[in-house]
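Everything on this sheet refers to the single structure shown next.
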Ligand code: SRM
Ligand code: SRM
Ligand code: SRM
Ligand code: SRM
Ligand code: SF4
Ligand code: SF4
Ligand code: SF4
Ligand code: SF4
Ligand code: SF4
Ligand code: SF4
Ligand code: SF4
Ligand code: SF4
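Have a look at this one:
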């Protein structure tokens, strides 16, 4: 019998010596160049971290490659960040340039620190998920190829965090990101009645629908359900509980784009991202329309926001009507909320810009 | 047969000559002393308005008294404001002092302009309404006796608008006032089953309840309803549609106090008032506990707010937790919203004061 | 009367004018007023209202304008056993000539308790308390004197507007004329209730909103402008020279559209950033004035808490020109009423219906364009009914 | 392989590292990876996913940790007909020694596709794609190597915390130790799903929230302090002298708690106004430091949109000391789970349940005091269940 419930390795066993010595005793840090952090301990010791972009979806050989660098320059230690970047940790300043050199040989960018576009939090997409309305890794690659310069520099007014999720389950951080792409279905589920009777629990399926669009099949001989299409907003929750109701559709599937979310409590409280483009069609392999919107918004932001101002903070200051004007993104009825707490978004003042 | 649908008198017939001449052609105004406005027209003509507090609930002789003053000094013209104050209008500067003198002889205060506590918007109360959980005119009188000095001066940081309503129907402006008192029932309706069968339409009654607390009487022989008391929050909507379900109760009835609402679009958008005291018992004739809270909050505001800052603007700047601290009003679980859009009031940040 | 109402007598003391004194004044001549005083004293003692639901009472041809009211102790207080109020539609802006007021007083002394509210919270003249049999003759004399009833029940309620162009330099629209014109146009809607619930219209001349329209009207008209604030820099300097604290004003501009250049003595202003909140104009009326391209913002849905909670009005038309005979606004009102009438449930106000069916649906059905000025911000949820 | 995947080949171009290159790398040694590449190309062509719902697959004794997955074209792509992923619980803070990583690589080369995610969005090591029969032996070797599975399904999910005291001067709590300690304490809750739905815990050392806990965790722990920020005025002046734009920082303080006195060269600070947002500290790490009376704010309810919409976490305990063995937080978690388990419907996350029953009810049942820090503002509606 195998061992169970052993839990993960103890983090203590994974820490470099300099960290063990200075655990909880860091005094301050500096970003000495894009991608390189210097942390100084109370006792004056210095730790250098070289941050490196990763595609996240990697082969074991990739991991071995980076292990090799860590063995050479970091006494066999490395870490990953909460956004998939790799960090090489060393107490030897002279190693920094060497690490950078080796990493660049592997084709990996050094950056992702400070006021940059860091790595994109994303999901499985067509690589692995049955729910996907779009791919994730592909969109990320297309976006980051275009925004590469923003990863390796720190020229933006503040942090810009991008997320991509392949369906509105939003695995990741789409709902609170400065910029986000989310896969959306736009056709109601297609019901395979035979499979429904075989695979699905009817009451659970009916109950799963947030809008009450799912009803029992009118023909009592058919143990299945029907969907009132006018009540369906393609959330896919029925499909999660009942595999016989797929929504994926080559014509209908595509992505929506969101902006203005954040997580940190710095300055303004955390904010939700808000829909700026309700729908763009899937256009693999490079989703040019999507990349275009993301880039355009980023550049308008970079040009107009004040120092230290996150995307959402900037937009809330100038007003969303101004945001749509500056970016040239058309405002449509779909932008107007009609879900549960919609009224909280309706304007209750004569204050607005033209 | 009487004439019908003649509508109100044409306002043009009611306007003083100076207004007819300068209609739509006013250039600016000044408040030359508390209660006295001077409006200057494009052509240089000057109109003086003397604003006078009224108890609103007045006898016809009161109206005749003020008509007399208007006849003497205003060519027989006067108006009322949207907050029940009387305005004597004259183009003769020398009449201003005379009007003030006459008005004061009647025991009426001159004021209600600028950064003051102006007249209290209020309702019927025990004087006329079947819904009342408290009186209105009496509370107003008790409050204004205490805040009189704020009516006849202009020393506050900004406007302070007070409203009183005798039940949560909130006839008036309680829901958007700087300070507001509202009558509340705190016991579920007492059902007179015989009267229900006689007077009430059962389905309408059941449907009237926002929380679904009303059910058909379990005994099919009794054509009436019952109330699930744990679901009732004493809104009285059932009583409005079914007279056999009164909520009024000498022990249960009392008032709640709200603060921080506003209507104008100046600076911050309009805001709702928010509950600061869930319940105080009715204590006629002078409701001392109520008057005390109103006065205390007003004074803390007067002392702490910045110039031009309305009550709600001040509170939102310093934070509600600070408001409760400064005023010493206890915060309770009842302050926490649990109605439809409650979640929008929950704090989604680590930012707060101690 | 002396000593009979010890609790109320307390409220004759103090500096604020006393309603008790007023009731007593009326009670000297009028028995109903005397009973009213006694009922009120009893309520102060019992801590409970002594009024009961009103039945359907009114005047011929009208479905509203009268609030029926009965005392729960008719034996003890026979003079107020019936005690109905009449809601009388006032002139726009609450301007009166004294002769008109005196006529009302005379009529009410004749037929009612002699007690009134000048005014009710909706803006009506409230004639407080009479018997059923007096309603019709009282009404007849009122119309004779040029006054008509206002609204009550599931009808259009008495419309009100701020003092506007009659005495305010900031009126961007003719609030009095619009109030009067709409009132005359919609007499039928006011007098004959036939909707799911009440409907209120209020009109303010500028965003200061001196009739609290945004909070209290299903249909809110607020004057505004589209061009730039007009600045008289000379007059601004004059304010400053006289010791006016201009920094405290500038600091509170919600959009940072204005700034004070102390060195140059110039008030800088970025018109496209200004959201026309009125604040700076309010504080420097001699120096700043609204622009000249004027009209109104139309909002809908303001109301008190019954049943789904209170709502502030929501912008539905950011800008509409307002010229007599106000055809555009009338047409919009009619469309909204039809939509509400068709879709609304009993006792469902417009805001609640819009919340239930969605603002998107409302705009579509009414035929209004979706523009970003309608919302503070776009949706955060992904739940878009793309095809509905 | 060349030319067979023209669409994906496009994504080998460009400066950002390519996942396609990675799949191709794995595909050279591994047939499943090759089929994965082809399925992905087909999806790019068809614009649709080719994966189907997974059945119940897993390892002995566990109810989760594996995501079952099947290809909808098993004949064409037999190597990925079954293509389950394993979620492996990483060390707290995602620190690794290379030997540990190499072991995982070796095991995964042996039993799986050779493709991974470092890491998944919850923070697990994702081993991407294997057959049912390989799950158990793969798991056995993983535990042998010191690794265990993370959470999936209606269980406690893999906990994560920011880098914290290991490398950050702002860690107010020991995020790594708390992560590890709770993970070890709640192994059963992670491995044996038995709740209404998933439950996530995330821990950030300070309000910067570098693991996005507030948005993505049902139970959010964020380090904070109660006393005053520590200011080294010398160091502040040093920043300014070096040309640092201190005004731009001060201006963005949300509470105006700080101000820069240019003349005196002093950063004024009003401790009781500061809401500890971190902004000024972030911008001047050498001069400003958090206070010393440290602990955490506890929030609950963060989640993505399914089903009732997305929620940010809500404050429920403004301040809690966080010392090992973290009994207070563990007790709170257990109480919350019991409450949720008892009251929650299937697929109802904590936030949705709290919204349905009310935060007031939640606090009462859990035994937490109502304090104003829990809300932005009190209720505006009058609908108080005073007696419930
Ligand atoms: C390494 C990492 C933590 C980890 O455990 O892995 C980390 C590390 C640091 N963060 Fe972070 N943050 C990390 C994810 C985050 C996240 C989470 C996310 O992006 O998903 C956030 C919340 C983002 C949001 O609000 O949407 C985050 C919000 C911050 C902030 C606040 C930024 C703001 O102004 O809103 C700071 C302060 C600052 O830099 O001014 C900060 C500051 C820092 C500092 C300076 C802390 C320190 O003293 O060491 C670290 C270096 C910052 C840098 O990259 O320039 N960190 N930081 C994460 C690196 C992610 C990456 O690879 O890019
Ligand atoms: C693998 C991963 C995405 C990734 O590529 O990184 C993932 C993948 C899936 N998620 Fe997720 N979620 C993943 C992190 C998240 C996160 C982020 C987080 O945990 O910080 C979220 C948002 C936070 C949250 O939980 O709300 C997230 C919110 C969801 C939801 C929506 C839950 C909600 O209440 O809104 C679902 C739908 C569901 O549970 O039915 C979901 C469901 C799924 C399922 C199991 C699909 C399903 O409907 O059954 C996906 C399996 C994909 C596959 O084929 O492997 N996943 N999912 C992430 C887990 C990796 C890991 O363990 O490290
Ligand atoms: C007479 C009246 C209109 C009417 O048609 O009857 C009126 C008249 C004026 N208002 Fe008003 N307002 C009147 C009710 C209101 C209301 C409604 C209410 O209180 O119910 C509001 C909205 C209040 C709110 O936000 O809750 C209102 C918000 C304003 C404001 C904005 C104040 C603010 O900063 O929020 C101004 C501008 C100012 O004074 O700075 C204003 C300014 C003015 C000016 C200066 C306009 C002018 O140039 O003539 C008038 C004299 C003001 C004064 O009293 O000092 N008026 N004003 C109302 C007098 C009520 C009373 O007797 O006290
Ligand atoms: C007389 C007046 C109060 C006053 O003393 O001034 C009044 C009195 C009554 N109102 Fe009102 N409302 C009065 C202005 C208002 C206002 C203010 C306004 O119109 O600007 C409001 C808030 C705005 C609004 O309409 O939402 C108001 C919101 C209500 C409500 C709650 C409506 C809602 O949707 O929330 C009710 C309850 C109902 O309709 O069943 C109500 C119901 C009532 C009833 C008819 C009681 C009932 O349940 O049937 C009251 C009759 C009292 C009586 O015995 O005379 N009254 N009522 C006001 C009308 C006088 C006038 O015509 O000038
Ligand atoms: S976002 Fe949707 S499609 Fe993408 S991994 Fe999560 S559940 Fe699957
Ligand atoms: S996709 Fe969503 S809205 Fe449509 S039927 Fe399924 S559960 Fe209901
Ligand atoms: S607030 Fe209530 S009690 Fe007072 S008048 Fe209006 S309906 Fe009657
Ligand atoms: S008072 Fe309100 S909540 Fe209570 S039963 Fe009546 S309608 Fe329902
Ligand atoms: S709303 Fe504007 S126009 Fe009307 S009275 Fe008030 S300040 Fe003047
Ligand atoms: S009107 Fe308001 S927004 Fe416009 S400049 Fe003046 S204060 Fe600023
Ligand atoms: S959350 Fe705070 S303590 Fe943790 S890494 Fe980020 S900045 Fe440091
Ligand atoms: S931590 Fe934030 S709130 Fe506190 S002083 Fe600094 S910027 Fe201001």
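Protein chains in written order, with my numbering: chain A, 1 to 354; chain B, 1 to 354; chain C, 1 to 388; chain D, 1 to 388. Ideal Cβ placement from N, Cα and C applies to all residues, glycine included.
- For the set D/47, D/307, D/306, D/298, the Cα lying nearest the Cα of residue 314 of chain D is the one of D/298.
- Here residue 132 of chain C is not bridged, per DSSP, to any residue.
- At a cut-off of 8 Å between C-beta atoms, residue 134 of chain C does not count as an interface residue with respect to chain D.
- A distance filter of 5 Å between CB atoms and the heavy atoms of ligand 1 selects the following residues in sequence order: A/29, A/81, A/82, A/83, A/85, A/112, A/113, A/114, A/118, A/159, A/161, A/262, A/263, A/264, A/266, D/162, D/163, D/168, D/208, D/210, D/212, D/282.
- Taking a C-beta distance under 8 Å as the contact criterion, residue 280 of chain D and residue 292 of chain D do not qualify as a contact pair.
- Of the residues A/241, A/240, A/209, A/243, the one whose Cα lies closest to the Cα of residue 227 of chain A is A/209.
- Only residues of its own chain outside the window of five on either side were considered, and among them 222 have a CB closer than 7 Å to the CB of residue 209 of chain D, listed in chain order.
- In this structure, the CA atom of residue 61 of chain B is about 8 Å from the CA atom of residue 114 of chain C.
- Taking the CA atoms as reference points, residue 345 of chain B sits about 53 Å from residue 92 of chain B.
- For the set A/283, A/183, A/261, the Cα lying nearest the Cα of residue 234 of chain A is the one of A/183.
- Beyond the five residues adjoining it in sequence on each side, residue 54 of chain C comes within less than 7 Å, by CB distance, of 67, 68, 69, 70, 84 in the same chain, given in chain order.
- Residue-level contact by beta carbon fails for residue 313 of chain C and chain D, as no gap is shorter than 8 Å.
- Uninterrupted alpha helix (DSSP H) stretches at least 4 residues long and entirely within the stretch 141-202 of chain D occur at 175-185, 187-191, given in chain order.
- The residues 157, 158, in chain order, have a CB closer than 6 Å to that of residue 122 of chain C in the same chain once the five nearest residues on each side in sequence are set aside.
- Interface with chain C (8 Å Cβ-Cβ cutoff): residue 162 of chain A is excluded.
- Between the alpha carbons of residue 72 of chain C and residue 204 of chain B lies a distance of about 25 Å.
- Put simply, the stretch 112-121 of chain B does not touch the stretch 61-78 of chain B. Fewer than three CB pairs are less than 8 Å apart.
- Under the three-pair Cβ rule at 8 Å, the stretch 268-285 of chain B counts as touching the stretch 311-328 of chain B.
- Among the CB atoms of chain C, one or more fall inside 8 Å of the CB of residue 170 of chain B.
- The alpha-carbon separation between residue 162 of chain C and residue 139 of chain A amounts to approximately 56 Å.
- Each residue's CA atom was taken as its position, placing residue 258 of chain B and residue 120 of chain C some 22 Å apart.
- Within the same chain, 33, 113, 114, 115 come within 7 Å of residue 26 of chain D by CB-CB distance, once the 5 residues on both sides are set aside.
- The three-state secondary structure of residue 137 of chain C, taken from DSSP, is helix.
- Every residue whose beta carbon comes nearer than 5 Å to a heavy atom of ligand 10 appears here in chain order: C/253, C/255, C/257, C/258, C/274, C/275, C/277, C/279, C/280.
- A straight-line Cα-Cα distance of about 15 Å links residue 341 of chain B and residue 379 of chain C.
- Per DSSP, residue 260 of chain D is one residue of the beta strand (DSSP E) stretching across 258-261.
- Per DSSP, residue 150 of chain A is one residue of the alpha helix (DSSP H) stretching across 137-151.
- For residue 256 of chain B, the beta-bridge partners assigned by DSSP are B/182.
- Judged by beta-carbon spacing, residue 238 of chain A lies beyond the 8 Å limit of residue 51 of chain D, meaning their Cβ atoms are not closer than that value.
- For residue 321 of chain B, no chain A residue has a Cβ inside 9 Å of its Cβ, as the nearest lies near 14 Å away.
- Using beta-carbon distances, residue 233 of chain B counts as an interface residue toward chain D, with a partner under 8 Å.
- Counting only runs of 3 or more residues that sit fully inside the stretch 44-82 of chain C, no beta strand (DSSP E) segment turns up.
- Boundaries of the alpha helix (DSSP H) harbouring residue 301 of chain A: 288-304, taken from the DSSP string.
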